[in-house]
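Q:
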DNA sequence: ATCAATGCAAAGATTTTGCATCAAG
DNA sequence: CTTGATGCAAAATCTTTGCATTGAT
């Protein structure tokens, strides 16, 4: 049993939703690629290897479901498509450095704003469940090249 | 003369690009709506009022140009379209609280990570030119309602 | 039996592109 | 005149939806 299965299955069942073979395969794929930021099409291709009858529309529907249920985080790196990252255990995202020259995305693992969250919540009367930071600039290679 | 015109015109000219009437009108519109996050279509509609012959494709092309030239920041609030915000003077963005229930976007004016930027730059060998924080959660109204 | 989930194809929406024309240096 | 910019329409993407069918509970 994959480490995510129990909790996700439960939280789906609570809402009368099912963990179908298709959804399980998608979950497996995004778990096994937890370092990547796969697009819907890429997930579709990978899932097809183990579940050839799946349709692209199902992947789109499932990713929307997983986004609503906070199983994944939906990223936008300005390449025209949504990209997804599984949310594991701790409920906060990690963050990204995005090179504006070559588009490379580098993960940042720090807990950047844990201290600030409470302050902002109070000041703006807003209940923060997650946050995400994107840093834009030049990666090491492009800085030397440009 | 609008306060942005000088610098932007210069930085365009340096690259052999022109500040045409269409581009100037777009600039006027996004400057006059600096509190908003207008979509391309919305910009198009507003620009048409003062420049009726403009085509939608020109607005798309111009917004891409302005994004590359760092005249605007291209936002994604997961509503299916890109939304733009003019970048004025100080080169850092402000940040946003996004309600996952109703989609409301609230501006956060704090300087959140100025102290952390240098640290991250060193640690990841990355030259940060801008950053953006999105906080997700429930706004005051939705928290009471849901 | 019921109700959600699926696959497929069609439709929708946003964004990009090809091309002839226009405008400025 | 040369080169970028424009407008229009067509094309290209990505994403959603309608509908008949399937599959669990």
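Chains as they are written, first to last, in the numbering used here: chain A, 7 to 152; chain B, 7 to 152. Don't be surprised by glycine CBs; every beta carbon is placed ideally from N, CA and C.
1. Can you find the residues in the same chain that come closer than 7 Å, C-beta to C-beta, to residue 91 of chain A, ignoring five residues on each side of it along the sequence?
2. For residue 139 of chain A versus residue 139 of chain B, is the C-beta spacing smaller than 8 Å?
3. According to DSSP, what are the bridge partners of residue 142 of chain A?
4. Give the residues of chain A in contact with residue 149 of chain B, contact being defined as C-beta atoms less than 9 Å apart.
5. Could you give the C-beta distance for residue 134 of chain B and residue 127 of chain B, rounded to a whole number, given that I count them as a contact under 8 Å?
6. Just to confirm before moving on: does the CB-CB distance between residue 40 of chain B and residue 94 of chain B stay below 8 Å?
7. For my contact list, residue 119 of chain B and residue 137 of chain B are in at a C-beta cut-off of 8 Å; report their separation, rounded to the angstrom.
8. Taking residue 49 of chain B and residue 28 of chain B to be in contact with their CB atoms under 8 Å, please state how far apart those CB atoms are, rounded to whole angstroms.
9. Strictly under 8 Å for the Cβ-Cβ distance: is residue 143 of chain B near chain A by that measure?
10. Between the alpha carbons of residue 76 of chain A and residue 129 of chain B, how many angstroms are there, rounded?
11. So what does DSSP say about residue 10 of chain A, is it helix, strand or coil?
12. In the DSSP assignment, the beta strand (DSSP E) including residue 82 of chain B goes from what residue to what residue?
13. Using 8 Å as the threshold, is the C-beta distance between residue 17 of chain B and residue 46 of chain B below it?
14. Compute the Euclidean distance between the alpha carbons of residue 36 of chain B and residue 62 of chain A, then round it to the nearest angstrom.
15. What distance in whole Å lies between the Cβ atoms of residue 25 of chain B and residue 12 of chain B, which are believed to be in contact at a cut-off of 8 Å?
16. Is DSSP giving residue 18 of chain B helix, strand or coil here?
17. Could you tell me which residues DSSP pairs with residue 92 of chain A in its beta bridges?
18. Where does residue 112 of chain A sit, in a helix, a strand or coil, going by DSSP?
19. At a CB-CB cut-off below 7 Å, which residues of chain B make contact with residue 140 of chain A?
20. Could you check whether residue 34 of chain B and residue 132 of chain A sit closer than 8 Å to each other, using their CB atoms as the reference points?
21. Could you name the residues of the same chain whose beta carbon sits closer than 7 Å to that of residue 115 of chain A, not counting the 5 residues immediately before and after it, in chain order?
22. Specify the secondary structure class of residue 31 of chain B as computed by DSSP and reduced to three states.
A: So, from the data block:
1. Walking along the first chain from the start, residue 91 of chain A turns up at place 85. Close CB contacts of residue 91 of chain A within its chain, under the 7 Å cut and outside five residues either way in sequence, are with 43, 78, 79, 81 (chain order).
2. Counted from its first residue, the first chain places residue 139 of chain A at position 133. Counted from its first residue, the second chain places residue 139 of chain B at position 133. Yes. Within cutoff.
3. Taking the first residue of the first chain as 1, we reach residue 142 of chain A at position 136. Bridge pairing for residue 142 of chain A: A:104, B:136 [DSSP].
4. In the second chain, residue 149 of chain B corresponds to position 143, counting from 1. In chain order: 131, 132, 133.
5. For the purposes of this step, residue 134 of chain B is identified with residue 128 of the second chain, where counting begins at 1. For the purposes of this step, residue 127 of chain B is identified with residue 121 of the second chain, where counting begins at 1. About 5 Å separates the two Cβ atoms, so the contact holds.
6. Here residue 40 of chain B is taken as the residue at index 34 of the second chain, counted from 1. Here residue 94 of chain B is taken as the residue at index 88 of the second chain, counted from 1. Against a cut-off of 8 Å, the Cβ pair of residue 94 of chain B and residue 40 of chain B comes out as a contact.
7. Within the second chain, residue 119 of chain B is the residue found at index 113, counting from 1. Within the second chain, residue 137 of chain B is the residue found at index 131, counting from 1. Contact between residue 119 of chain B and residue 137 of chain B holds, with the beta-carbon distance rounding to 6 Å and staying under 8 Å.
8. Counting from 1 along the second chain, the entry for residue 49 of chain B is found at position 43. Counting from 1 along the second chain, the entry for residue 28 of chain B is found at position 22. Between residue 49 of chain B and residue 28 of chain B a beta carbon distance of about 11 Å is seen, past the 8 Å cut, so the two are scored as non-contacting.
9. Here residue 143 of chain B corresponds to residue number 137 of the second chain, with the count starting at 1. Interface residue, yes.
10. Here residue 76 of chain A is taken as the residue at index 70 of the first chain, counted from 1. Here residue 129 of chain B is taken as the residue at index 123 of the second chain, counted from 1. Cα to Cα, the separation comes out at about 30 Å.
11. Walking along the first chain from the start, residue 10 of chain A turns up at place 4. Coil.
12. Taking the second chain and counting its residues from 1, one reaches residue 82 of chain B at position 76. Annotation: the continuous beta strand (DSSP E) that includes residue 82 of chain B extends over 78-82.
13. Position 11 of the second chain, counted from the first residue, corresponds to residue 17 of chain B. Position 40 of the second chain, counted from the first residue, corresponds to residue 46 of chain B. Contact: no.
14. One-based indexing of the second chain puts residue 36 of chain B at position 30. One-based indexing of the first chain puts residue 62 of chain A at position 56. About 38 Å.
15. Here residue 12 of chain B corresponds to residue number 6 of the second chain, with the count starting at 1. Here residue 25 of chain B corresponds to residue number 19 of the second chain, with the count starting at 1. Actually they do not touch by this definition, with Cβ atoms about 11 Å apart.
16. Locating residue 18 of chain B in the second chain gives position 12, where the first residue counts as 1. DSSP places residue 18 of chain B in helix when its eight states are reduced to three.
17. Mapped onto the first chain, residue 92 of chain A falls at position 86. The secondary-structure analysis by DSSP pairs residue 92 of chain A across a beta bridge with A:78.
18. Here the question's residue 112 of chain A lines up with position 106 in the first chain. Residue state, collapsed to three classes: strand.
19. Start at 1 with the first residue of the first chain, and residue 140 of chain A comes out as number 134. What residue 140 of chain A touches in chain B: 137, 138.
20. Residue mapping note: residue 132 of chain A aligns to position 126 of the first chain, counting from 1. Residue mapping note: residue 34 of chain B aligns to position 28 of the second chain, counting from 1. Result no, Cβ atoms of residue 132 of chain A and residue 34 of chain B do not sit closer than 8 Å.
21. Residue 115 of chain A sits at position 109 when you count from the first residue of the first chain. Excluding its 5 nearest sequence neighbours in each direction, residue 115 of chain A has C-beta neighbours in its own chain below 7 Å: 100, listed in chain order.
22. What you label residue 31 of chain B is simply residue 25 of the second chain in a count that begins at 1. The answer is helix: DSSP assigns residue 31 of chain B an H, G or I state.
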